[in-house]
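This report concerns only the one structure given below.
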Amino acid sequence: MSKLTHIFSSVLGIEESKIVPELSPQNASSWDSINAIILVTEIEKAFGISFTYDEVMGVKNFADVIRLVESKGGDTNA
Amino acid sequence: MPKSHLRFADIAVGDQFNFDFEITDAFVREFSVISGDYNPLHLDQTYASSTKFSRRIAHGMTAGVLFSRLIGMHIPGSGGFYLSQNIVFREPIKIGSSVKVYGKVLQKVEALKTLTILTQLQANNSKKLLVDGSAIVQMFE
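Top line first, the protein sequences correspond to chains A and B.
One point on numbering: in the numbering used here, the residue at position 70 of the first sequence is 145, and numbering is uninterrupted.
One point on numbering: in the numbering used here, the residue at position 126 of the second sequence is 140, and numbering is uninterrupted.
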């Protein structure tokens, strides 16, 4: 499993096999405001990238996170 | 009143702060009253001497209250608020000892104005790391 999947699984307490592109705050109750902050913190640290406020607010699901990390040069397959 | 009121821009990765604290018998007894944790390991020498520690020790969450002081009074002080804290207890906190409460900014997330801060409790005598952890704090401005 990828580093990004592992972060989501670890922070949200969801099995890695269930971290799918459609995963979102609407269908994952543990993806709340506090865990959203922890996710951003962990992703920035793991990939050595930084997000803007608008980028963070624009994320609607896991697929958006993959696209955003890749747009910053992060290897989401690692 | 908090001794610091820092803004997000005032803080840099690598910034550090520390203060010393005496783990007195009176503090341990007061902690028992406030927390309601009367485990005899902290209060009863006869009981404690039968454990692997051989003597009474302070509550592990003493580190929690000292980290609260570190965050709420110093880095960043009144300019921020706690979002999370993880704590790993590595060594017992001895009653009658002096400890150093240490914090270091590890990470800043600009988008959310959050800080990740290393939080540690160290024995001043032996220099041993007693308690390890990290906090996430969000800044108001």
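We put the beta carbon where it would ideally sit given N, CA and C, even for glycine.
In this text the structure is predicted, and so the values were computed from the model without any measurement.
For the pair residue 79 of chain A and residue 144 of chain A, the CB atoms are nearer than the 8 Å cut-off. In terms of beta-carbon proximity, residue 140 of chain A stays away from the interface with chain B, with every pair separated by 8 Å or more.
Residue-level contact by beta carbon fails for residue 23 of chain B and chain A, as no gap is shorter than 8 Å. The C-beta of residue 102 of chain B has fewer than 16 other C-beta atoms within 10 Å across all chains shown, which makes the residue exposed. Looking only at A:117, A:86, A:119 and A:115, the smallest Cα-Cα distance to residue 103 of chain A is reached by A:86. The continuous beta strand (DSSP E) containing residue 99 of chain B extends over residues 94 to 103. Secondary structure note for residue 59 of chain B: its alpha helix (DSSP H) is the uninterrupted segment 59 to 62.
In the DSSP assignment, residue 144 of chain A falls within the unbroken alpha helix (DSSP H) covering 137 to 146. The segment 18 to 27 of chain B and the segment 75 to 95 of chain B touch, with no fewer than 3 CB-CB distances between them shorter than 8 Å.
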